[in-house]
Every structure is written in C-alpha cells, then in structure tokens.
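As they're listed, the protein sequences go chains A and B. If you use the numbering used here, the first sequence corresponds to residues 1 to 288, in order. If you use the numbering used here, the second sequence corresponds to residues 289 to 576, in order. Following: one structure in structure tokens, then a few remarks.
2 protein chains.
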Amino acid sequence: VEEKDIRADSSLIGRIEICYPQLPKELWKKATSLRWLQSNWTGVDALLAIPGAQAHPAVITNVHVQPQSMTEHMWGMALSLTRNLHVSSRLQAQGVWDNKTASTGLSSLADRWLCIAGFGAIGSRCAAVGRVLGMRVIGISRGGRPHPLADEMVGPERRAEAFARARVIMLLLPDTSETRGFVGTRELDAMNGAFLLNAGRGTAIDTSALVSALTDGRVRGAGLDVTDPEPLPAGHPLWSMPNVLISPHYAGVHPGYDEEAFEVFIANLERWMKGQTLQGVVDRALGY
Amino acid sequence: VEEKDIRADSSLIGRIEICYPQLPKELWKKATSLRWLQSNWTGVDALLAIPGAQAHPAVITNVHVQPQSMTEHMWGMALSLTRNLHVSSRLQAQGVWDNKTASTGLSSLADRWLCIAGFGAIGSRCAAVGRVLGMRVIGISRGGRPHPLADEMVGPERRAEAFARARVIMLLLPDTSETRGFVGTRELDAMNGAFLLNAGRGTAIDTSALVSALTDGRVRGAGLDVTDPEPLPAGHPLWSMPNVLISPHYAGVHPGYDEEAFEVFIANLERWMKGQTLQGVVDRALGY
Numbered sequence: 001v002e003e004k005d006i007r008a009d010s011s012l013i014g015r016i017e018i019c020y021p022q023l024p025k026e027l028w029k030k031a032t033s034l035r036w037l038q039s040n041w042t043g044v045d046a047l048l049a050i051p052g053a054q055a056h057p058a059v060i061t062n063v064h065v066q067p068q069s070m071t072e073h074m075w076g077m078a079l080s081l082t083r084n085l086h087v088s089s090r091l092q093a094q095g096v097w098d099n100k101t102a103s104t105g106l107s108s109l110a111d112r113w114l115c116i117a118g119f120g121a122i123g124s125r126c127a128a129v130g131r132v133l134g135m136r137v138i139g140i141s142r143g144g145r146p147h148p149l150a151d152e153m154v155g156p157e158r159r160a161e162a163f164a165r166a167r168v169i170m171l172l173l174p175d176t177s178e179t180r181g182f183v184g185t186r187e188l189d190a191m192n193g194a195f196l197l198n199a200g201r202g203t204a205i206d207t208s209a210l211v212s213a214l215t216d217g218r219v220r221g222a223g224l225d226v227t228d229p230e231p232l233p234a235g236h237p238l239w240s241m242p243n244v245l246i247s248p249h250y251a252g253v254h255p256g257y258d259e260e261a262f263e264v265f266i267a268n269l270e271r272w273m274k275g276q277t278l279q280g281v282v283d284r285a286l287g288y
Numbered sequence: 289v290e291e292k293d294i295r296a297d298s299s300l301i302g303r304i305e306i307c308y309p310q311l312p313k314e315l316w317k318k319a320t321s322l323r324w325l326q327s328n329w330t331g332v333d334a335l336l337a338i339p340g341a342q343a344h345p346a347v348i349t350n351v352h353v354q355p356q357s358m359t360e361h362m363w364g365m366a367l368s369l370t371r372n373l374h375v376s377s378r379l380q381a382q383g384v385w386d387n388k389t390a391s392t393g394l395s396s397l398a399d400r401w402l403c404i405a406g407f408g409a410i411g412s413r414c415a416a417v418g419r420v421l422g423m424r425v426i427g428i429s430r431g432g433r434p435h436p437l438a439d440e441m442v443g444p445e446r447r448a449e450a451f452a453r454a455r456v457i458m459l460l461l462p463d464t465s466e467t468r469g470f471v472g473t474r475e476l477d478a479m480n481g482a483f484l485l486n487a488g489r490g491t492a493i494d495t496s497a498l499v500s501a502l503t504d505g506r507v508r509g510a511g512l513d514v515t516d517p518e519p520l521p522a523g524h525p526l527w528s529m530p531n532v533l534i535s536p537h538y539a540g541v542h543p544g545y546d547e548e549a550f551e552v553f554i555a556n557l558e559r560w561m562k563g564q565t566l567q568g569v570v571d572r573a574l575g576y
C-alpha cells in the first residue's frame, strides 16, 4: 500500500507489518503491527526523535549507499578551500582575471595530516583519497582500533590532540549523545589553521564557537554540508563568511540513489522472508 | 648579478653565462655568452616565442615542481563541477538553503572513464586519484604506450574516440604545434556530456567552439585554469556561463614553489660544475 491509501483508509495503518522508505510522523503511534521499517536514509536521528518511534518494538534498518558520493563531496569541498576555488568563483562573478588574489594563501596537502572522525565506510574511503594525495591519516573512532587505511587511530577522548596536528579535518559522525558538541571551544582552540569539513550531522559542531574560530584563523576554512541549526536560517553569519562553503545537505545524493536504496530493501525483504538477519539494523541505544 | 645590475651596466649582459630564473625579453639578443638558462617555470612556450630565444645556442632547462598542486587543483575543479559546489556557491551568495536546486544534476564518477591527455608526472598523479575514486583511466600520449596507472593508452590520433567515452577529461598538454587546437569542433562533437578540465595551455582548446559545446551540453561543465586568449578579457562569454569555473592560471602555484624551483637550479648548478647532464632540458623542436 502507498501513503495515500493509508490516509484514505485509517484502518490500514494498524495492519502494516513492513514499511519502506519512511513512516510519516503522526502514524508511528498507530502502527501497532509494524515489525520492520527499512529507511532509505543512513542517519536515523530525526526518525528516532519521532514520538513513539524510539520505544516502538519494530526493527529499524538503514542504508549505506552513499560512501562514494560522500567521498567525492568531502574532497570537492576540501580541495575547493585549499586551492582557493571559492576565491576564483568570486573573481569569476566579477569577471576579473586576478592571478595574484586567487593564488594568495594556498595550502599544500602532501605530508600533512588528514584527521577523519568516524572511520566507517565513508571515512575509510576519504582516507584512501588522502593517502593517494600524499597525506598521512589519523582516524578517530569509538574504539580507536588500528585500521589499514590510517597511520594512526585514536579514541574520541584524544580528539583535540588529533585536531592540533591536522591540516584537514573531516567529520562523518552520526547524531548521538556522544557526538553532540564533538567540536566545541576546547577542540577549536586546539586547531592550527585547519580546514574543517562536516557531512555527518550539524550538531557535532558548536556553531557559534566555529564562527569565532573562522574569524581568528584557528579554523582556516570550513565546508559544511550539514549545519546546526539546519536549514541554516537567512542572515546567519556563516552564509557570508569568505572562508566558508555551505552545501545544503546533499553530500550523499547521487544519480541512482533511489534505485540503490530500493535494492537494499529488496535484498533485506528476501532475508526477512527466509527468517535471516537483516542488514543495516540500527542500534537504538547507540543511535545509528 | 641581479637584473638591476644588468640594467645599470649594459656591458654585463654580454658576459653572463648562466641565468636563473628568466632572462628579460629585450636582453636575449645581447646575451652572447649565455650558455644555460634555468627557467623557474615548466611551460616554455612564451620563452621560446621571444625573438632570439628559439635560435639561441644556450641550453634551456625547466622545473617540474608542481605535479602535486596541479593534481589537487584539477581534482578540486572536477569535483566542484560534478558535485555542484559551484551551484552551492551561488546559492550561498544569495543566503538561500535550497537542497533541491543544489542536488539536481549531480554526476557520479565510479566506473566512469577518466581521460587524461598528457600522461607525464602530473597526468599520472591525476590518474591515481581517479582510480581510488573508482574510475577507469584512458590516457593519451604521443607514443600511446601502456602505463601502469592507465587501463588504456592511445595516441593523439584516437583522441575523439577516447573523449566519447569519458565522463571527465583532463588536458595537461604543453603549447606546441601538435597540441594547438587539440580540442576543436570535431573533438567536442564526440563528447557526451563530459566535464572538461584544462591546466596545460589555453591554446589546446578552440575557445569559441567550447562555448557552443557548453551551451548545447556536449560539454557538461568546464574547469579552466588556462584560457585562449589569456588573460580572459572582460566581457568574454566564458566568465558568466553557469557551468564554467575559471581559475586564473595558478594550478601549479603552491607554498614553497620558489624554494623548490631554486633547489632545482642549485642541483643543476652542481651538475653543471661537474660537467654532468642537466635535468629538465627542453627539447626546442618539441617545445617542452
């Protein structure tokens, strides 16, 4: 059944066992038969914030179809900032060929440290690109366990130390109680002119502290696919800062996304029919 | 001696044997004792166009210190275009969070062909990045000989065929009689919505034919660090095309460039003193 059928016949919602890709907010409490929701997104923070969803007995599964586009997006933002392409864009808008302005304050990446917080499928791909660009990689993960694509791995408690060494910092964290405020004043104070990229969740960064750090150079440039608040309201100082790139939360979007997410659902549906374990089961306690 | 000394004492120029980093235009004919010029740039087309320079018996050497920054720059331009970061920049300038506009018309790179024309130190590094992003690589070089970082290599006579398959095309060619007009109407006709990047020399592309191809979609986006004419004049249509990124010829610039170029000169000077072969000798017939 489709959403419009449920809205037309209110008795239907109580009989639905499986749902894809999202269950509308107001229907969670009425979904008494729901046993499994396959989300078509990765982040489930908004979903788990719906009244009735966190405590609902249904299994929730998510999809992981965006590592490739997230990697391309993160590196696009990083290289735009380090190679002053955002400066070139502004000169282009004025129709001015100004080699001197465009080439002032460039940053090299070779032999510099790339710090990646959240070292899963996306983080490790971002690391592979960094390595081929000659960077050294320090990863931050909950366990801090070694990873073949990282020169060093540390736990989140050592993040300020990792940030202090990094030229480029990539945040790829879900929104959980552990990651909110992951980058606050203390962490920004540790940074030495790093480029900070975020495509996880906006809540990982204390936004007003970031604005200060961008002003005084602790953060040299920021590329933000996610913000807090999100959407970023009109008139927010981040919009007009010359060393900030805002991309409105689409790092994971790519041609074929819907088809790929649907394939994940179909493969899981086969597992469900056979009584097998589903892929991408969300741990509600961890929040991802 | 420095340039100001030569200008102060006109007898000096006739006695100079070695010159770094450039010899002013008007002095070439008077530099009768010059035996070696170490340029601090890679491209020598402008230098060889100076009256008296092409036929001068002095050895000319160039430097190759920019493969790393050129690679970062080329990929920054490529990913800006495929990930719509240029669209996001425009939305940011308006202070508007518009996910739909920004995420419309994105391009994926995995399993797509990356075509690189000019497969030297820079081209092969660009290829390595493409491979880690999951692309297949087709290289174009004079000899078309196999290369470990290319899935296929072809000679320049097969370029239209290579362009036809490519999602991303990177031009890294010197300005020579063979490369002028390398991408003309015939080659643009072969392209299927490719992203075209150029950081070699502007003369490789027929500019007015490119403007047409950008308008009708044969070329989906262009990132140009070099143009023809260069500098791009005020009011040129390329300035305001929505699918074009112009960076004013600084892809090779990076912090430490001058020091690195000077080190090349010093190392060559030691070779010169010992009577050894210099590194980076320009072949005047080939023009690079």
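From the three backbone atoms N, C-alpha and C, an ideal C-beta is built for every residue, glycine too.
(request) Check the Cβ of Leu232 of chain A against every Cβ in chain B and list those closer than 7 Å, keeping chain order. (result) Trp385
(request) Sort out for me which residues DSSP pairs Ala454 of chain B with in a bridge. (result) B:Trp401
(message) I need the straight-line Cα distance from Gly408 of chain B to Asp151 of chain A, nearest angstrom please.
(response) 29 Å
(request) Can you give me the Cβ contacts of Asn192 of chain A inside the same chain, cut-off strictly under 7 Å, excluding the 5 residues immediately before and after it? (result) Ala164
(request) Taking only the alpha-carbon atoms, compute the straight-line gap between Trp329 of chain B and Ala555 of chain B and give it to the nearest angstrom. (result) 16 Å
(message) For Phe195 of chain A, report the span of its alpha helix (DSSP H) as first-last.
(response) Where Phe195 of chain A is concerned, there is no enclosing alpha helix (DSSP H), although the beta strand (DSSP E) it sits in stretches over Ala194 to Asn198.
(message) Let's test the definition: count the other Cβ atoms within 10 Å of the Cβ of Val281 of chain A and tell me whether it reaches 16, buried, or not, exposed.
(response) exposed
(message) Rounded to the nearest angstrom, what separates Ile138 of chain A and Leu114 of chain A at their Cα positions?
(response) 6 Å
(request) With a 10 Å radius around its C-beta and 16 neighbouring C-beta atoms as the bar for buried, classify Thr271 of chain A as buried or exposed. (result) One point to set straight first is that residue 271 of chain A is Arg, not Thr, in the sequence displayed. With fewer than 16 other Cβ atoms within 10 Å, it is exposed.
(message) Distance check for Thr176 of chain A and His86 of chain A, CA to CA, integer angstroms please.
(response) 32 Å
(request) Quick one: give me the first and last residue of the alpha helix (DSSP H) that Met273 of chain A is part of. (result) Tyr257 to Met273
(request) Determine the extent of the beta strand (DSSP E) in which Leu91 of chain A is found, giving its start and end residues. (result) That residue, Leu91 of chain A, is in no beta strand (DSSP E); its alpha helix (DSSP H) goes Leu85 to Gln94.
(message) Would you say Leu476 of chain B lies against chain A (beta-carbon separation less than 8 Å)?
(response) no
(request) For Glu314 of chain B, count neighbouring Cβ atoms within 10 angstroms of its own Cβ and tell me buried if that reaches 16, exposed if not. (result) exposed
(request) Just list the alpha helix (DSSP H) runs in the stretch 200-251 of chain A, keeping only unbroken ones of 4 residues or longer that don't cross its boundaries, in chain order. (result) 207-216
(message) When you compare the CB positions of Asn294 of chain A and Val226 of chain A, do they come within less than 8 Å of one another, or not?
(response) For chain A, the structure presents residues 1 to 288; residue 294 of chain A sits outside this window and is missing.
(message) I need the straight-line Cα distance from Arg430 of chain B to Gly221 of chain A, nearest angstrom please.
(response) 41 Å
(request) Go ahead and label Glu17 of chain A buried or exposed: buried means 16 or more other beta carbons lie within 10 angstroms of its beta carbon, across all protein chains shown. (result) exposed
(message) I need the straight-line Cα distance from Thr495 of chain B to Leu379 of chain B, nearest angstrom please.
(response) 28 Å
(message) Using C-beta distances below 6 Å, list every residue in its chain close to Arg506 of chain B, excluding the 5 sequence neighbours before and after it, in chain order.
(response) Leu476 and Met479
(request) Counting only the same chain and skipping the five closest in sequence on each side, list residues whose C-beta sits under 8 Å from that of Trp363 of chain B. (result) Cys414 and Val417
(request) Apply the 10 Å Cβ neighbour rule to Val253 of chain A and answer buried if 16 or more other Cβ atoms are within range, or exposed otherwise. (result) buried
(request) May I have the straight-line CA-CA distance separating Pro248 of chain A from Asp45 of chain A, to the nearest angstrom? (result) 18 Å
(message) Per the DSSP calculation, Glu152 of chain A is bridged to which residue(s)?
(response) A:Ile138
(request) State buried or exposed for Glu72 of chain A, treating a residue as buried only when at least 16 other CB atoms are found within 10 Å of its CB. (result) buried
(request) Report yes if the CB atom of Phe265 of chain A is closer than 8 Å to the CB atom of Gln38 of chain A, and no otherwise. (result) yes
(request) Please name the residue in A:Thr277, A:Gln279, A:Leu173 and A:Asp258 whose C-alpha comes closest to that of Ile205 of chain A. (result) A:Leu173
(request) Identify, in the order they occur along the chain, each residue of the same chain with its Cβ nearer than 7 Å to the Cβ of Ala78 of chain A, setting aside the five sequence neighbours on each side. (result) Val168, Phe195, Leu197 and Gly223
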